[in-house]
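Notes for the one structure printed next.
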Amino acid sequence: MSTQERQAAESKTLFGFWVYLMTDCVLFASLFATFAVLRFNTNGGPTGEDLFNLSFVFKETFILLTSSFACGLGILAARQGNKRLCLSMFGLTFALGLAFLGLELHEFNKLYNDGDSWRRSGFLSAFFTLVGTHGAHITAGLIWMGTMMLRVVQQGLTTNNIKRLTMLSLFWHFLDIVWIFIFTVVYLMGLVL
Amino acid sequence: MSLLGRLNWDAVQHGWVIAGGQVTLVAVMLAVVGLLTYKKRWGWLWREWLTTVDPKRIGVMYIVFAMLMLLRGLADAAMMRAQQAVSVGPHHGFLDPNHYQQIFTAHGTIMIFFVAMGLMFGLINLVVPMQIGSRDVAFPFLNATSFWLYAMGGMLLNLSLVLGGFAATGWLAYPPLSELAYSPGPGVDYWIWGLQIAGVGSLMSGINFLVTIIKMRAPGMKLMKMPMFCWSVLGAMSLVVFAFPILTATLTMLALDRTLGMHFFTALNGGNPMMYVNLIWAWGHPEVYILVLPAFGVYSEIVPTFSRKPLFGYTSMVWAIWGIVLLSFLVWLHHFFTMGAGADVNAFFGVMTMAIAVPTGVKIFNWLFTMYRGRVRFTTPMLWFIGFVTTFTMGGVAGVIMAIPAADFELHNSLFLVAHFHTMIIGGVVFGYFAGLTYWFPKFFGFRLNERLGKYAFYCWFVGFLLAFIPLYILGMMGATRRLDHYDASLGWQWLFIVAAVGVALVLVGVGFQVLQLYYSIKNRHANLDKTGDPWLGRTLEWSTASPPPFYNFAHIPLASERDAYWEMKKHKGQVTPKYESITLPRNTIMPLTISLMAFMFGFGMIWHMYWLPILGFFGIVGSIIWRSTSDEHEYKLPAAKVRQIEEELEARYA
Amino acid sequence: MVGGIALLAIIVAGIVLSRSNIPILQPAGPVAQKERNLMITAFSLSMIVVIPVYLLLVWFSLKYRHTNKSARYDPAFSHSRWLEGVWWAVPLAIISVLAVITWRSSHELDPFKPLVSNQPPLNIQVVSMRWKWLFIYPTENVATINYVNFPVNRPVNFEITSDAPMNSFWIPQLGGQIYSMTGMSTNLNLMASKLGTYRGLSANISGDGFAGMHFSVVASTQQNYQKWLAYVRDSSNKLDKPAYDKLSRPSSNNPPAYYALADSGLYSEIVSKYAEPVFKAEN
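Structure follows, in C-alpha cells:
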C-alpha cells in the first residue's frame, strides 16, 4: 500500500472504531436506563444500601483509574517508539485490570453465596447485568491486551500495532468512563439516595 | 449438563400444514445441492459466493435470501387470510390458536428482519460503493460477516418450523407473555437468538456503511454533491448505529430472564414488563425509518432518471432526511399510548409523531415537482413510484389520525393499525425496493428484465394490496382487533375478510409474474443485453461502468465534482483514458461464514439448553478473531496489465 | 391507470363505510363520540395536503409524460424557494393546529379522568385472566365473568388489573381501550348514552385463548340494573378463594357467569400479588 492509501486506511479504521464505541455507549445506556427503573424493585430483598460497601468500591475505582493512567503512558511510549516502556506500562495496565476483575468477581461471589443472586429481584438482575457487562468488556479488553503485548514482543512497534494499541487504549478509557457512571449511579446513588 | 439439553423427539413439529412448509424447505435445499452437484459448480460456489468479500456479490446474496424469505412470509400471510376468511361462528378454520399465533409471529418477524432488512442491505451493498466512486466498503471482512450472520439468524428461524416451533407472542414478544411462566418452550428462544444474531450483523453493517460514505467518496464528491440515495443510506445507518444496540441489550435481558432466571420483565419478583415495551419500541420505531429511508432514496434516484430532470430541491431533501432521523427518536411512545402514561406524556409524543409527517410530505412534493416540466417515462420502476405515492399518502393519513392519543385509544391494535403499517411498509418499503431491484438489475446482471411482465407484476401487487388492506381499515373501525383466530358470525366481518383473502391471492399472482419475469429475462438474456452500461440514461456514477461492472468497479477512481456526476461526465465526453494502475483488493476468505456458523451453533445451543455448544461457539468465534488478526496479508495486488486486459475485453465485447 | 384504480378503491370503500355497521363511527357514549370526532377532524385537516398530492400526481403524470411533446421541458427547474416555503409551511401549520387539539384532547379524554356528570360514578373492578374477564362490583358484592351490566347515562369508573399476561380492555362503541397489567391498576372512565348490549374484547395478545376474550356489555335502565343486581346477589355461586383458584386455571370462550362476591378486597389482593412486598424479608 502507498503511504496515502495507508493513511486513508488508518483514518477509516480509527473512525470506524469511534463509531463502534458510540454503539457500545448506547448499549450501556439501555442497561443504565433499565437499572434506574428497577432500582427499587427489591422484591422484599436487600437494597443497594444493604449490599454496597463504599471503601470496597473506592478500591476498585482507584485500581481501574490507575490502570487507565498506565494505559495512557503506554500509548505515549508506543508513539515514541519505546518498546520496553510500552510493554511494561501495558503490563501494568493488564495487572491492574486483572486485579479489578478479581475484586469484582469476589463481590459477585459473596452476593451469590449470601443468596442475593441475580434471581432474587429485578434490582439485583439489573445490577449484575450492568456491572457484569462492564466486567465482560474488561475481560475482552484484557484478552485483547494480552494478544497485543505478544504481538509487540514479536513484531515490535509497527504502524499497524500502534494503530491497534490506539484503538485498545480508546476502548480501555471508554470502559473507565462507563465505570465512573456505574460508580455514581449504582453504588453512590444506591447508598445515598 | 446433558448432551442434548431439552432436545428430544417431541420437538419435531408435525401437522399437515407444517409438513407442507417442512417439505418445501427440504425440497428447496435438496434442489440447490442437486443442481450444484449436477453442474459441477461447488468450486464456483466456494470461490464466487461463499468466500467472497465483494459487496456486489454480497448484495446479490442478501437479495436472494430476502426473496426466499419473502415467499415464506407471504405463505404465512396467505394462511392467515385463509384462516380469518373461514374461521367464523361454528367453524374454527384449519389452524388451532397456538399454531395461528406462531404463524403471524413468524410472518412479522420474517418480513421485517429478513425480507425488508435483507432487500435494503442488498441494494445498499450493490449501489452505494459504486455511487460514491469507490471500489469497496470500508470493512470488507465485516461486510461479509454481516451477511452470513443475517443468513444464520434466518436459518434459525426456519429451523423452528421443523424443530420445536416458534414464538406465539406477536413479532415483538412482549413480556410477561414471552417469559418462561407463559411461554416455557423453545419458541421465544428461537425468536431471541435468531434476531440477536441477525441484529449484530445489522449493527456491523451500520458502522460499515457509515464509515464508507463518510470516508470513501471519490475525490471531489463533497457530501452535498453525493447522490440522494447515499444521503438516505447515511441517515438510515446513523439510525442503525443508535437503535440496534438497544435491541441487543433488550434481547439479552429477555434471554437472561429466560435462561438465568433473572427478573427484568417478569410479572413477579420485581420485573417490569413496561420497561421492555419502552426499550423494544425505542429500537422499533427507528427501525421502521431505517427501512423506509433507503426506499425513499431509491425513489430519489428513479424519479429524476425517468423524468430526465435533476431531483427537485436537493438541499431541502437532505434536511428532510435529517429531520426524519432526529424525530424518529422522539416518537416511540406512540406505539403504546394505551399503556397509561398520562396525558402530558401522551400529548408530547403525539405532537412529535405528527411532526414527522412534515419532512415526509416535503419529500413527496419534491418528487412530484421533479416530474414537473420533465419528460416522464412510465417504466416499471416509475410505476412502483406512482403506486407508492398513491398508497403511502393514504397510510400517512391513517398515521396522522392515530397520532392523536385519544383517537388512538379506539384504533390501537385494531386491524386499522395493521392496515396502516402494512400500507407504509408495502407501499413505501417494498414498492421502493422492488423499484430499485428493477432499476439496477441491468447494471449488476448485464441484461434487462422483461418490461411487460414487470408491469403485470406491479398491477397485481397494487390492486392486490388495495383489496387486501382497505377491508382491514374498515374492519378496524368495526372494532376488530388484530391477531384473532376466530370471531362471531353476528359481527358481519366475514365478507371483508374474504375480500382481503382475494387481495392476498392477487398479490401472490403478482409474485408469480415476478418469478416468471425472472425466468423469461434469464432465458432471453442474450437478446436483452445491456451493451452500454447505461440503459436508462442514468445520472450517477454506477452507470459509467460496464454491465456487469468488473469486480474492482472502476479502473480509475472517478473525479466527481458535481451532483449527478455521471450526467456531467457525459456532457464532457471524449476524455483521454489515463494510464492503468495496479489495484489493491481484499482477498477472499471463508472466515465470515465459519464465524457465522459458530454463531448459529451458539444460538442453537442456547435454545435447546445444550450449553456445551454455546461455549464451543463462543471460543470458536474469539479464536477466529484472534487468528484473523495474526495475519496482516489480507489484500492482494491486481497488476496494471491485468486491469488493462479486463478493460479492453469489456470494450471489445460491447463494441 | 394507477390513479383510476385508486380512485375506484376509495369510492368503493366510502360506500361500504356509509352502509355498514361501524361501531367506532357510530358511538353509543360521549367518550367514543369525542374520540370519533377527533378522527374526523384529523382526517379532514390531512385532506388539505392529501388532495393536492393526488391532484398533482395525476396532472403531472398526464401532462409531462414523454409522449406529450407540447408540454414544456425545463430540466433546469430543480429548485424554488417559494414552492419549498409552501410545502414546509402549510403542513407545519396544519400540524400546529393538530398539536393544540392533541394537547387539549389528551387531557380531556385521559382515561384516568372522571367524567363530568351529576351522577356519582359506579366503580367496577376488572381483572383480565386466562382467558376471560372478571368484573367485580366491590360495593354491590357481586362479580361476573365476561359480562358487565350498568345503568345508562351513569359514568362508570373501571379499575383494571391483570392476573395474566398483558391484555387491553376495550369496548369500542363506548370508548377507547387501556392496558391491563399485573401489579398495576389502570383506570378507564366510560359512559353509555344509549340503552343496549355492546361488545367488549381484549386488544392485546395474551396466549392461546386470547381470541375468545370477548364480553357482553349491557347498558340498562336503573330499574333493570337493580333487578339484575338482586338476582346475582342471591346466586348460589360464591366467588370465594377456591372458586377464584378454579377460575384461574386456563380456560377460554367462557360463557357469562354470575357470582356473589365473598371477599370485597379481592381486587387489591390480586394487584398486591404482583406488586413489591411492603415489608422486607429478614435475611
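Protein chains in written order, with our numbering: chain A, 1 to 193; chain B, 194 to 848; chain C, 849 to 1131. Using N, Cα and C, we set each Cβ at its ideal position, and we do this for glycine too.
- CA-to-CA, the gap between S892/C and V593/B works out to about 11 Å.
- Fewer than three beta-carbon pairs drawn from the segment 517 to 531 of chain B and the segment 927 to 943 of chain C are found closer than 8 Å, and the two stretches are therefore not classed as touching.
- In the three-state scheme derived from DSSP, where H, G and I count as helix and E and B as strand, Q874/C is classed as coil.
- Contact residues of the segment 415 to 436 of chain B toward chain A are V434 and F435 (C-beta to C-beta distance below 7 Å).
- Between T573/B and K636/B, the CB-CB gap reaches or exceeds 8 Å.
- Per the C-alpha coordinates, the member of L855/C, M887/C and N916/C positioned closest to R570/B is N916/C.
- A Cβ-Cβ distance of about 16 Å is found for the pair W144/A and L64/A, leaving them out of contact under the 8 Å criterion.
- Judged by DSSP in its simplified three-state form, F359/B adopts coil rather than helix or strand.
- Per DSSP, the continuous alpha helix (DSSP H) segment holding V219/B begins and ends at W209 to Y231.
- Shortest Cα-Cα distance from G810/B to any of S824/B, T823/B, G816/B and F795/B involves F795/B.
- The Cβ-Cβ distance between T1034/C and I1008/C falls below 8 Å.
- Cβ neighbours of P807/B within its own chain (closer than 7 Å, five residues either side excluded): F795, G798 and M799.
- Note on geometry: alpha-carbon atoms of V551/B and L910/C lie some 27 Å from one another.
- Think of a sphere of 8 Å around the beta carbon of R676/B: the chain C residues whose beta carbon falls inside it are I1053, F1058 and A1059, in chain order.
- Taken through DSSP and simplified to helix, strand or coil, T992/C comes out as strand.
- Taking C-alpha positions only, L1095/C is separated from A1108/C by approximately 14 Å.
- Annotation: the segment 491 to 540 of chain B contains the following complete segments of the alpha helix (DSSP H) (minimum length 4 residues), in chain order: 507 to 520.
- Residue pairing by DSSP places I1118/C in no beta bridge whatsoever.
- L684/B has its alpha-carbon roughly 17 Å from the corresponding atom of V1066/C.
- Residue environment for S775/B: exposed (fewer than 16 other C-beta atoms within 10 angstroms of its C-beta).
- In this structure, the beta-carbon distance from Y773/B to R732/B does not fall below 8 Å.
- Neighbourhood of I853/C in chain B, by CB distance below 9 Å: T583, Y652, F655, V656 and L659, in chain order.
- The three-state secondary structure of V544/B, taken from DSSP, is helix.
- The alpha-carbon separation between L101/A and I182/A amounts to approximately 15 Å.
- Using a Cβ-Cβ cut-off of 9 Å, K764/B is close to nothing in chain C; its nearest Cβ partner there is about 12 Å away.
- In the DSSP assignment, I1019/C falls within the unbroken beta strand (DSSP E) covering N1015 to I1019.
- DSSP places N1005/C in the strand class (E or B) of the three-state scheme.
- K110/A is classed as exposed because its beta carbon has fewer than 16 other beta carbons within 10 Å across all chains shown.
- Not a single CB atom of chain B sits nearer than 8 Å to the CB of G115/A.
- Residue environment for M849/C: exposed (fewer than 16 other C-beta atoms within 10 angstroms of its C-beta).
- Boundaries of the alpha helix (DSSP H) around F581/B: T573 to M595.
- Selection G387/B, W525/B, V470/B and P503/B evaluated against E480/B yields W525/B as nearest (Cα-Cα).
- In the structure shown, W981/C falls within a strand segment according to DSSP collapsed to helix, strand and coil.
- Rounded to whole angstroms, the separation of the alpha carbons of G629/B and V185/A is 48 Å.
- About 4 Å separates the beta carbon of D678/B from that of Y293/B, a gap short enough to meet the 8 Å contact definition.
- Taking every protein chain shown into account, the CB of I899/C has fewer than 16 other CB atoms within 10 angstroms, so this residue is exposed.
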